[in-house]
Amino acid sequence: MAQVPLKKKKRRAPSPPAEPPAPGRFPAVVLCLVEKRMGASRRAFLTALARAKGFRVDGAYSAAVTHLVSERNSGDEVARWLAQQRGERGPGGDPDPGPALLDLSWFTESMSAGQPVAIEPRHRLRVTGPAAQHGWHVAPYACQRRTPLAHSNQALTEALETLAEEAGFSGSEGRSLAFTRAASVLKALPRRLGALEELGPLPGLGEHSRRVIQDVLEDGVSAEVQRVKLSERYRTMKLFTKIFGVGVRTADRWYQEGLRTLAELQERRTKLTRQQQAGLRHYDDLNTPVGRGEAETISRAVQEAVWRFLPGAAVTLAGGFRRGKLHGHDVDLLITHPEDGREAGLLSLLVSWLDSQGVILYQHSQENSYEGPEPPRGEGVLDQFERCFCIFCLAAPGGPAAGRGWKAVRVDLVVAPISQFPFALLGWTGSRHFERELRRFAKHERKMVLNSHALYDTRRSLFLPAASEEEIFQHLGLEYVPPTERNA
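Using my numbering, the first residue of the sequence shown is number 1, and each one after it goes up by one.
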């Protein structure tokens with residue numbers, strides 16, 4: 001049986017040094033204008049106006065800034081931006097009071113007066129809750145915030161995610177989503193939560209989630225979560241849903257039939273699909289984490305095979321590995337070509353060749369069912385690309401599969417035309433909650449429909465093309481979030 005036998009990250013160019021501040025007529029006042037939502041051109045105009053009036057305006061935030069002026073941002077948004085500019089602070093230190101956070105109205109009145117006017121309550125941006133005192137300014141949507149892989153509240157998020165999983169097993173999608181959103185908020189906090197009161201009115205934290213958080217903070221564990229983990233139903237559902245091709249409904253049906261173990265599935269000769277048979281046969285391998293090196297080995301092997309049939313085509317490693325994970329449950333590969341349409345027919349040739357080489361242990365292909373840009377009636381199907389769900393045979397020099405020299409690995413091959421590739425890359429990068437929140441933001445805040453094929457503006461009845469993920473974020477009016485910070 002044949003077996004599938006780093007790119008270095010590009011260093012970002014250093015940012016240009018901030019322009020030296022011009023001295024002003026009012027030495028006690030140093031302004032800084034927040035570009036977010038104001039825009040670069042308007043910010044440049046207002047900066048020139050203020051300097052003409054004798055004000056000192058710094059081009060970038062520094063400790064010298066006394067007045068931070070913003071337009072169309074909430075106080076929490078500006079406070080979060082300020083915290084990012086100042087950098088993370090270790091616990092226990094007393095933060096300096098920082099600049100006054102002001103609405104543009106103070107700026108315009110000062111320009112009219114030709115001097116800084118007194119700051120009144122109506123000029124100040126309101127920062128809400130005790131969380132603001134800790135520099136915790138969490139935006140309401142996960143796609144508006146940055147969530148790195150490593151965070152400081154692992155015990156809390158694991159407890160909430162266990163309850164989210166249990167709710168999903170019970171068919172309560174609303175409850176599952178509520179716990180997921182709460183966990184997502186905690187992942188975005190800059191440091192460890194010490195007391196429930198520190199959270200204040202942060203978004204996405206309901207009463208049930210707060211009770212669980214309080215229990216873990218006080219006792220180290222949640223009694224409710226422990227009961228769930230020890231329950232027979234939860235453990236059985238978790239066991240069955242780890243079988244490739246088995247969803248919650250099938251697992252629940254088996255549980256209701258009295259099945260509890262993998263051995264019982266086989267002994268009772270439970271009717272399984274071909275996919276489920278493969279999943280059960282390779283259960284241990286498919287539930288052993290795949291390392292980044294293994295994922296990159298598979299990616300290179302698929303790239304070489306693709307070039308046999310379509311030189312110039314590109315294979316991109318997506319999913320959790322693109323978000324910076326060192327281990328994952330499967331390998332997601334996106335295939336495209338710089339010329340629209342050239343990718344048609346490639347997948348069947350690729351899979352047939354890999355199969356002939358003994359690389360594929362199982363495969364199931366789906367044809368492309370996307371019929372082109374038409375005004376969507378709703379979100380509908382998020383992804384209709386041509387794809388193949390595979391189990392690859394990967395050489396395994398060490399680990400549990402070392403005895404036989406290979407192990408089974410889940411691989412998804414997805415083919416996307418280059419015109420849809422940025423949307424496909426965004427959708428297949430994840431995380432699942434980040435993508436859900438991105439679609440929710442598009443729908444409720446921008447009246448747009450986003451899926452892995454396109455972005456449609458319902459108000460203008462217009463599809464918005466994009467040549468990169470950055471352009472999609474721009475269409476949505478969002479700050480670009482790099483893949484490594486989408487781990488919501």
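C-beta atoms are modelled at their ideal positions from N, C-alpha and C, and glycine is treated no differently. What you are looking at is a predicted structure, and each value in this text was computed from that prediction instead of being measured.
Which of helix, strand or coil DSSP assigns to residue i
i, result
"His337", "coil"
"Gln115", "coil"
"Pro91", "With a pLDDT of 35 at Pro91, under the threshold of 50, the predicted position of this residue should be treated as unreliable, and no value is reported."
"Ile298", "helix"
"Glu386", "strand"
"Asp332", "strand"
"Arg404", "coil"
"Ser209", "helix"
"Ser70", "strand"
"Arg56", "strand"
"Phe434", "helix"
"Thr241", "helix"
"Leu350", "helix"
"Tyr456", "strand"
"Gln363", "strand"
"Arg268", "coil"
"Phe169", "helix"
"Leu476", "helix"
"Ala314", "strand"
"Arg410", "strand"
Residues bridged to residue i [DSSP beta-bridge criterion]
i, result
"Ser105", "Bridge partners of Ser105: none, in fact."
"Cys32", "Leu68"
"His327", "Gly291"
C-alpha gap between residue i and residue j, whole angstroms
i, j, result
"Thr162", "Lys229", "8 Å"
"Gln363", "Phe244", "12 Å"
"Leu33", "Ala118", "18 Å"
"Val216", "Phe179", "15 Å"
"Arg249", "Gln256", "11 Å"
"Pro99", "Lys187", "27 Å"
"Arg25", "Pro116", "10 Å"
"Glu479", "Arg439", "15 Å"
"Gly328", "Ala318", "11 Å"
"Val212", "Gly206", "10 Å"
"Ser152", "Ser369", "43 Å"
"Trp106", "Pro140", "27 Å"
"Gly247", "Leu272", "12 Å"
Whole-Å CB distance - residue i paired with residue j, under 8 Å assumed
i, j, result
"Leu286", "Leu265", "The Cβ separation is near 15 Å, so there is no contact."
"Val359", "Phe321", "About 19 Å; that fails the 8 Å criterion."
"Ala510", "Ser209", "Summary: the structure shown does not reach residue 510, with the chain confined to residues 1 through 488, and so no result is reported for it."
"Ser490", "Leu125", "The requested residue 490 does not occur in the structure, where the chain is confined to residues 1 to 488."
"Phe389", "Asp412", "6 Å"
"Leu573", "Leu68", "Lying before the first or after the last residue shown, residue 573 is absent from the chain, which here runs from 1 to 488."
"His137", "Ala83", "6 Å"
* Asked: Using 8 Å as the threshold, is the region 37 to 53 in touch with the region 101 to 117, meaning 3 or more CB pairs across them?
  -> A contact exists between the region 37 to 53 and the region 101 to 117.
* Asked: Pairing CB atoms from the region 412 to 429 with CB atoms from the region 327 to 343, are three or more of them under 8 Å?
  -> yes
* Could you tell me whether the region 70 to 79 touches the region 135 to 151, using the rule of 3 or more Cβ pairs below 8 Å? => yes
* Asked: Using 8 Å as the threshold, is the region 294 to 303 in touch with the region 254 to 265, meaning 3 or more CB pairs across them?
  -> no
* **the region 162 to 172 touching the region 184 to 198, judged by at least three CB pairs closer than 8 Å** => The region 162 to 172, when compared against the region 184 to 198, does not touch it at the 8 Å Cβ threshold.
* Decide if the region 298 to 308 is in contact with the region 320 to 334; the criterion is three or more beta carbon pairs, one per stretch, under 8 Å apart. => With the rule of 3 Cβ pairs closer than 8 Å, the region 298 to 308 counts as touching the region 320 to 334.
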